[in-house]
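Residue numbers (the working numbering): 669 to 806.
Using N, Cα and C, we set each Cβ at its ideal position, and we do this for glycine too.
Fair warning: this is a prediction, and the values are worked out from it, not measured in the lab.
Beneath this line is the structure, given in structure tokens, with notes to follow.
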């Protein structure tokens, strides 16, 4: 992905009255001090998150809470240890986030597991890929 992208991930309080909150496996509000590299998982499983590259909290753009995650497009990411929570094998699932792109003319991965499953933006479309096969393209 060329240029910076910001993931604006957040909504409500801990459970926000959501009856499905117990099923949430990762919740990143991306709140904090400008320039911070500390990302917190607010889900019930509280995974340890690690900022890589220049991934950081940025207060210049936000929808909720006064901050968002900033990725400048040069290898930035936030990682979590491998977990069966991220094995989307069968059944319904929801992946939800807000995204502000300043340039999207290249390939950008937003989720990947084992290199065979991913959610990515490819030029002008979203692609969900599972077992090296495009499952959903929009």
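Tell whether a beta-carbon distance below 7 angstroms holds between residue i and residue j.
i	j	result
residue 707	residue 746	yes
residue 751	residue 698	no
Give a single yes or no on whether residue i has its beta carbon closer than 6 angstroms to a heavy atom of the ligand MG.
i	result
residue 795	In terms of ligand content, the structure shown is empty, and the ligand MG therefore cannot be addressed.
Is residue i helix, strand or coil when you go by DSSP?
i	result
residue 722	coil
residue 792	coil
residue 709	strand
residue 728	coil
residue 691	helix
residue 765	coil
residue 701	coil
residue 770	coil
residue 752	helix
residue 733	coil
residue 669	Confidence at residue 669 is low in this model, with a pLDDT of 35, below 50, so the placement of that residue is unreliable and no value is reported for it.
Am I right that residue i and residue j are in contact with their C-beta atoms under 8 angstroms? What's the rounded C-beta distance?
i	j	result
residue 695	residue 709	6 angstroms
residue 763	residue 738	Wrong, their Cβ atoms sit about 20 angstroms apart, outside the cutoff.
Return the first residue and the last residue of the beta strand (DSSP E) that residue i is part of.
i	result
residue 802	801-805
residue 737	736-739
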